[in-house]
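Everything below concerns the one structure shown next.
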Amino acid sequence: MYRFMFVVALSAVILISVSVPVSAQSIWLNQGQENKVIAVEFLKPNFDGEDNTTFATSAIFFSVRLPLSKRLVFVGEVPFAHVGFEDFDDSQSAFGNPYVGLEIHNPDTPLFAELGLRAPLASNDVDKIGALGVGLITDFDRAEAYIPDVLTVLGRVNYHRTSASNIVFRLRGGPTLWLDAGDAIAETEFFLDYSAQVGYNGELISLIGGFTGRLIVSEEDLDLGERTVHQLGAAASLNLGTVRPGVHVRFPLDDDLSQAIDFVFGLHLGVHLK
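The sequence shown begins at 68 in the working numbering and counts up one residue at a time.
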């Protein structure tokens, strides 16, 4: 059953790609460039049809942001996934592919760049495949985090501006490359990721919403609808000083993805250290 779940989920990724840009931390979280941040995200999937998985079935991301200078920010992340079923006493847990990268900022412009990679450290053992499959389909934002034997290299350009009335605008785009680093099920692939968001960043509460997408560049004989996958998302977080809790939700817009999952509900907690 676990292997079947993983193959189905991975097949969906290969055919329709993933729906949002790959990054060390979710673009739905308000991290703050100037702060050292330790964060955790808990993502709970709502599968289409009858769902007998346990509440603990989820994808979890542990992440850190560390400013190195006014221009450079180190970003790291460790993904984890768990799956269990209510009908029988069996479960799996697995760590995914960790991310390391840099954000490159220019204080004089609203533009900044991201460069990073995911190391191919996820296990391909049969007793891990079920958990990795659930993690993969739960967070299509970072599907590469759960694919064994795939090295991911990415680059992003961001436009991020906050107006005098605290309205936030963000555009983001760039390439993602999958490389076979062993006995990968997924072949070498090339994607173009993009997103647009608008929100409000107040003293107490931050809100943001928008869409994200991915274009499959490397595959042939696909029309535009088959080459792209999109999602809508929204998030809210509270600024309680050092601690910033929040929630977010994402909805797939394409039939291929929505047939597998209705939506993903998330909880996140960031600890901001000066």
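Glycine included, every Cβ here is placed at the ideal spot set by N, Cα and C.
* Asked: Residue ranges of each beta strand (DSSP E) run of no fewer than 3 residues wholly in the region 163-209, ordered along the chain?
  -> Taken in chain order, the complete beta strand (DSSP E) segments of 3 or more residues contained in the region 163-209 are 166-172 and 178-185.
* What are the boundary residues of the beta strand (DSSP E) that includes residue 282? -> Against the sequence shown, residue 282 aligns to sequence position 215. Residues 272-283.
* Asked: Using a Cβ-Cβ cut-off of 7 Å (strictly less than) and excluding sequence neighbours within five positions of residue 152, which residues of its own chain qualify?
  -> Residue numbering aside, residue 152 sits at position 85 when the sequence shown is read from its first letter. Only 119, 120 and 121 meet the Cβ criterion.
* Asked: Using a Cβ-Cβ cut-off of 8 Å (strictly less than) and excluding sequence neighbours within five positions of residue 331, which residues of its own chain qualify?
  -> Taking the sequence shown and counting its residues from 1, one reaches residue 331 at position 264. Answer for residue 331: 110, 111, 112, 113, 205, 206, 316 and 317, listed in chain order.
* Given 8 Å, three or more beta-carbon pairs between the region 216-224 and the region 177-195 -> With the cut-off at 8 Å, the region 216-224 and the region 177-195 touch.
* Alpha carbon to alpha carbon, how far is residue 295 from residue 284? Give it in angstroms, no decimals. => Within the sequence shown, the letter at position 217 stands for residue 284. Within the sequence shown, the letter at position 228 stands for residue 295. Cα to Cα, residue 284 sits roughly 10 Å from residue 295.
* Roughly how many angstroms separate the alpha carbons of residue 72 and residue 200, rounded to a whole number? -> For this step, residue 72 is matched to residue 5 along the sequence shown. For this step, residue 200 is matched to residue 133 along the sequence shown. For residue 72, the predicted model reports a pLDDT of 43, less than 50, meaning its position is unreliable and no value from the coordinates is stated.
* To do: With a floor of 3 residues, list each beta strand (DSSP E) that falls wholly inside the region 212-254, ordered by position along the chain.
  => If we require 3 residues or more, the beta strand (DSSP E) runs fully inside the region 212-254 come out as 217-229 and 234-247.
* Asked: Which stretch, first to last residue, makes up the beta strand (DSSP E) that contains residue 324?
  -> Counted from its first residue, the sequence shown places residue 324 at position 257. Where residue 324 is concerned, there is no enclosing beta strand (DSSP E), although the alpha helix (DSSP H) around it starts and stops at 322-325.
* Bridge partners - residue 160, DSSP secondary structure assignment -> On the sequence shown, position 93 is the one that residue 160 refers to. DSSP output for residue 160 lists 149 as bridge partner(s).
* State the beta-bridge partners of residue 302 as determined by DSSP. => Reading the sequence shown from its first residue, position 235 is the one you call residue 302. DSSP lists 275 and 315 as the bridge partner or partners of residue 302.
* Using the C-alpha atoms, what's the distance from residue 259 back to residue 289? -> Residue mapping note: residue 289 aligns to position 222 of the sequence shown, counting from 1. Residue mapping note: residue 259 aligns to position 192 of the sequence shown, counting from 1. If I take the Cα positions, the gap works out to 15 Å.
* Asked: From 160, 168, 171 and 177, pick the residue whose C-alpha is nearest to that of residue 193; which is it?
  -> Within the sequence shown, the letter at position 126 stands for residue 193. Comparing Cα positions, the closest option is 160.
* Under 8 Å Cβ to Cβ from residue 115, same chain only, skipping five residues before and after it: list those, please. => One-based indexing of the sequence shown puts residue 115 at position 48. Within the same chain, residue 115 has close Cβ partners 325, 326, 327, 328 and 329.
* Classification of residue 195 by the beta-carbon crowding that lies within 10 angstroms, buried from 16 upward -> Taking the first residue of the sequence shown as 1, we reach residue 195 at position 128. Looking at its Cβ environment, which holds 16 or more other Cβ atoms inside 10 Å, residue 195 is buried.
* Asked: If you drop the 5 nearest sequence neighbours on each side, which residues of the same chain put their C-beta closer than 6 Å to that of residue 304?
  -> By one-based count along the sequence shown, residue 304 stands at place 237. Same-chain partners within the cutoff: 97, 273, 311 and 313.
* With distances taken from CA atoms, which of 94, 123, 131 and 124 is nearest residue 107? -> Translated into positions along the sequence shown, residue 107 becomes position 40. Ranking the options by Cα distance to residue 107, first place goes to 131.
* Kindly indicate the opening and closing residues of the alpha helix (DSSP H) around residue 308. => As a working mapping, residue 308 is identified with position 241 in the sequence shown. Element bounds for residue 308: n/a, residue is neither H nor E.
* Asked: What are the boundary residues of the alpha helix (DSSP H) that includes residue 293?
  -> In the sequence shown, residue 293 corresponds to position 226, counting from 1. Following the DSSP letters along the chain, one finds residue 293 inside the alpha helix (DSSP H) bounded by residues 291-294.
* Proximity of residue 138 and residue 177 at Cβ, strictly below 8 Å -> To locate residue 138, count along the sequence shown from 1; it is residue 71. To locate residue 177, count along the sequence shown from 1; it is residue 110. No; because the gap between Cβ atoms is not below 8 Å, this pair is not in contact.
* Mind checking which residues open and close the beta strand (DSSP E) that includes residue 109? => If you number the sequence shown from 1, residue 109 lands on position 42. Segment 103-114, the beta strand (DSSP E) holding residue 109.
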